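As numbered in mature numbering (1 follows the signal peptide of the UniProt record, and there is no 0), residues -26 to -1, 1 to 116 make up the sequence shown, in order. Have a look at the structure below, then the notes.
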Amino acid sequence: MVADRHHPLALLGLFAFGLFAGPAAAESVPWTASLSSKDVVPPTNSAGKGQLDAVYDTVSKEFKWTLTYSGLSGPVTSVNFHGPAEQGKEGPILFPAGPATASPIKGSLQLSIPQADALKRGVYVEIQTSKFPGGEIRGELK
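Okay, structure coming up:
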């Protein structure tokens, strides 16, 4: 009979242990950016526009994105994520957003620790063209 009395407590203890010792819950952190010529350093006179929608998984460290754009002066020559950098400042290339292809550009990458940390300190995505090799449109990730 004594064992029967402790059985519910033992189950409760195992349940509580599972809550605290289980794997960490994944958190999907959304990121967006609106790309325009006014955010390029220095600003350009391009009529181009773009939109980035991304998600970062804090457990797998996977960063997935879809980047759409229109109205550029010509074909895309490169697309890169830069940072860390404050808005209005330039930063080093963190990683390419993919090959220079037609819109939309979709990609994913397992981020290194420095790349993941950069997301917290300011990252932007920039599209370059032949007319604007320093960047035609840019958007800050928020």
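We put the beta carbon where it would ideally sit given N, CA and C, even for glycine. Nothing here was measured: the structure is a model prediction, and the numbers come from that model.
- Inter-residue distance for Trp39 and Glu64 is about 21 angstroms (C-alpha atoms, whole angstroms).
- As computed with DSSP, Phe55 is found in a beta bridge with Phe69 and Val99.
- Here Asp91 is exposed, its C-beta having fewer than 16 other C-beta atoms within 10 Å.
- Scanning its chain for C-beta atoms nearer than 6 angstroms, with the 5 sequence neighbours on each side dropped, one finds around Pro70 the residues Asn54, in chain order.
- The Cβ neighbour count for Thr6, taken over all protein chains shown within 10 Å, is under 16; the residue is labelled exposed.
- Taking C-alpha positions only, Ala28 is separated from Ile67 by approximately 18 angstroms.
- The shortest C-alpha to C-alpha distance from Ile101 to any of Gln61, Ile79 and Lys35 is the one to Ile79.
- Comparing alpha carbon positions, the residue from Gly96, Pro4, Gly72 and Thr103 closest to Gly22 is Thr103.
- Scanning its chain for C-beta atoms nearer than 8 angstroms, with the 5 sequence neighbours on each side dropped, one finds around Glu60 the residues Gly96, in chain order.
- Counting only runs of at least 3 residues, the region 22 to 51 fully encloses the following beta strand (DSSP E) elements, listed from N- to C-terminal order: 23 to 31 and 36 to 44.
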